[in-house]
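Numbering of the sequence shown is given in our numbering, commencing with residue 5 and proceeding in unit increments.
Every residue, glycine too, gets a C-beta built ideally from N, C-alpha and C.
As the structure is a prediction and not an experimental result, all values here were calculated from the model.
I have placed the structure first, in the form of structure tokens, so that the comments after it can refer back to it.
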Amino acid sequence: MLDRVASRLAVAALRLPRARTRRITVRRDIALRVRDGVILRTDHYAPDLPDAPTMLIRTPYGRGGPMRLLCRLAAEQGFHVVIQSCRGTDGSGGTFDPFVHEREDGLDTLDWLRRQRWWSGAFGMFGASYQGFVQWALAADAGEELRAMVAVATASTTRDSTYAGESFALDTVLTWVELLQAQTVPWLARQWELKRGQPRLAAALSHLPLVEADRVATGVTVPFFQQWLRHHTPQADYWRSRVFDDRLHLVQAPVAMVSGWHDIFLPAQLRDYAALRALGARPRLIIGPWTHGSPGLFIAALREGLDWLGTHLPTTATAQPTPPADGPVRIHVGGDGGGWRDLPDWPPPAQATRWYLHPQSALRTAAPVPSPPDGFWYDPADPTPSLGGPLLVAQRSGPVDNRPVEARPDVLTWTSESLTGPLEVIGPVQADIHVRSDLEHFDVFVRLCDVDRRGRSWNICDGLVRIDPRRFRVDGSGAVAVTVPMWPVAHRFAAGHRLRLQLSGGAHPRYVRNPGTGEPLGTAITLRGGFREILHDPERPSAVVLPVVHSGSQLAPS
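Structure below.
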């Protein structure tokens, strides 16, 4: 009864389509046995409708709570909803080892679906974050029975996101480790830890060496965390069987992608979009003003997902999919005068415009002039803190006022004059920075901010690159030319606002601090500070490259 009341309230609050049926039969804790004998616990929500297609969700985050409501809502829309706990989680047997068993377990689950009397011969997949990775693990081998996918805040590979810029996404990875381990402790103990502000996790994020950080955070050693610390180089064989981007060409199902501008996987998800487009596919792409775990992302994903699956999963074998009413790409442009836009593709046509670093902390489109470099000292014992941006925890993510971190002596900024008119930038962003360091091993963190009329500096996008002498060459002046890929952007800088480029030696704990010694990632304990110089003369023109969208472009308000 409570489930029915909750679903009625959710339909009204979320403005979902009217339920096709309220008669849902639920079977819980089904013992689904896979090829190696492991039991995967599975729930089935069955609508009282003939020829209903199936929605499959495979998850390591449990089948209760919000997922229980989501499954009922989807079943009321006319889907057999099958939700399964990945091995080693929420009652399923075996050991959870990220990405290792998802293809085989997914195929065995599909084989089980085919043997059910209610199976219609068609299914779709839905899920966010890791629930999306498991979709990509199965999609290439699912064949024609897979009619649609809804991949939310996810990508076909996590390797590049884990080691963004060849650093290590410490906050995301260790917070995820703690989250998974927390599912094994009693509910009251977990609530007490959250109320205390998770002091064990906070201590772990600052702990060295990193090989001990998982035990500090959770009380146990987590095998996959240890492996990720060991196998962090681009050539590591470990990741080759744990990524699925090399099989995108085998995916036949239409894909809907939903993400946010401050999502941790956005760059990787857009690479998936570009790869599918290059193969001739027409994926649906929605990017909103959301972070990885924000309620807005969940609501949008539910609406878009149900619509996409309903479009591509006909209720009878003879029915034909209905073409979507909206365009293929829908994005939210941030800032004053922004809003939702429909685009024919991503990225839209734009003019790559360089904003150069100038003396006296000025940021201009004019060519650079002869000038001495600007410098700062980076001390990994007191690392430059991260503030907002793409993080796993929604409450700490997204745009925040950056003035506290910009006041630090280890952060340099360059700011434009007040804009006389609005400036709209939509697309990929990168910074080309020339830096000289007295250490061979260091990081370059770059962030673009929107400074409003009150002087508040709001982060828009950023990126980090780890400098290793084996990958970067020093020129005759001792400088290294570094291209920093930044998060893609869709933002409108209002008249009277200013652009600001922020540059530092790190953003901890979002990225692990660079010890400056070249020691291995997991065992480094020696911290060595060093001086950095940012060069911005005509021979070494440091700049940020922005995709400026001019009036008369193909952007159409919707």
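{"Item": "For V404, which residues in the same chain have their Cβ closer than 6 Å to its Cβ, ignoring the five residues on either side in sequence?", "Value": "L391, G392"}
{"Item": "Tell me which same chain residues have a C-beta within less than 8 Å of the C-beta of Q273, skipping the five on either side of it?", "Value": "A155, A157, T158, A159, M261, S263, D267"}
{"Item": "Are there 16 or more other CB atoms within 10 angstroms of the CB of T93, so buried, or fewer, so exposed?", "Value": "buried"}
{"Item": "For D466, name the three-state secondary structure that DSSP assigns.", "Value": "strand"}
{"Item": "Which residues in the same chain have their Cβ closer than 8 Å to the Cβ of R407, if we skip the five residues on either side of it in sequence?", "Value": "G459, R460, S461"}
{"Item": "Alpha carbons only, please: which of T161, V177, W312 is nearest the one belonging to L252?", "Value": "T161"}
{"Item": "Within the same chain, show all residues whose beta-carbon is closer than 6 Å to that of R457, passing over the 5 residues directly before and after it, in chain order.", "Value": "G500"}
{"Item": "Among the residues of its own chain, which have a CB less than 8 Å from the CB of L205, if the five just before and after it don't count?", "Value": "L178, T179, E182, A221"}
{"Item": "Can you list the alpha helix (DSSP H) stretches of 4 or more residues lying completely in the segment 159-229, in chain order?", "Value": "163-166, 174-186, 191-199, 203-209, 217-222"}
{"Item": "Below 6 Å CB to CB, which residues in the same chain sit around Y134 once its five sequence neighbours on both sides are set aside?", "Value": "P64"}
{"Item": "Sorted by chain position, which residues of the same chain lie with C-beta nearer than 6 Å to L36's C-beta, five sequence neighbours on each side aside?", "Value": "L44, T46, W116"}
{"Item": "With which residues is H336 paired in a DSSP beta bridge?", "Value": "W344"}
{"Item": "Would you list the one or two residues that DSSP bridges to G264?", "Value": "G292"}
{"Item": "Of the residues G41, L427, R12, P318, which one's Cα is nearest the Cα of P57?", "Value": "P318"}
{"Item": "Exposed or buried, what is F535 when buried is set at 16 or more other beta-carbons lying within 10 Å of its beta-carbon?", "Value": "exposed"}
{"Item": "Three-state secondary structure (DSSP) at D587?", "Value": "Residue 587 lies beyond the stretch modelled for the chain, which goes from 5 to 562, so this question has no answer here."}
{"Item": "Would T388 and A282 be called neighbours here (beta carbons separated by less than 8 Å)?", "Value": "no"}
{"Item": "Once DSSP output is grouped into helix, strand and coil, what is the label at A560?", "Value": "At A560 the pLDDT is 39, less than 50, meaning the model places this residue with poor confidence and gives no usable figure here."}
{"Item": "If you draw a straight line from the alpha carbon of A321 to that of W123, how long is it in whole angstroms?", "Value": "Here A321 scores only 40 on pLDDT, less than 50, and its place in the model is too uncertain to base an answer on."}
{"Item": "Tell me, to the nearest whole angstrom, how far the beta carbon of V433 is from that of V548; I am working on the premise that it is less than 8 Å.", "Value": "7 Å"}
{"Item": "What number of angstroms, rounded off, separates the C-alpha of P271 from the C-alpha of Y515?", "Value": "16 Å"}
{"Item": "Under 8 Å, do E410 and V553 count as touching if we go by C-beta distance?", "Value": "no"}
{"Item": "Going residue by residue through the segment 15-83, where are the continuous alpha helix (DSSP H) segments of at least 4 residues, counting only ones entirely within it?", "Value": "70-80"}
{"Item": "In this structure, does DSSP put G393 in helix, strand or coil?", "Value": "strand"}
{"Item": "Helix, strand or coil for H253? Go by DSSP, reduced to three states.", "Value": "helix"}
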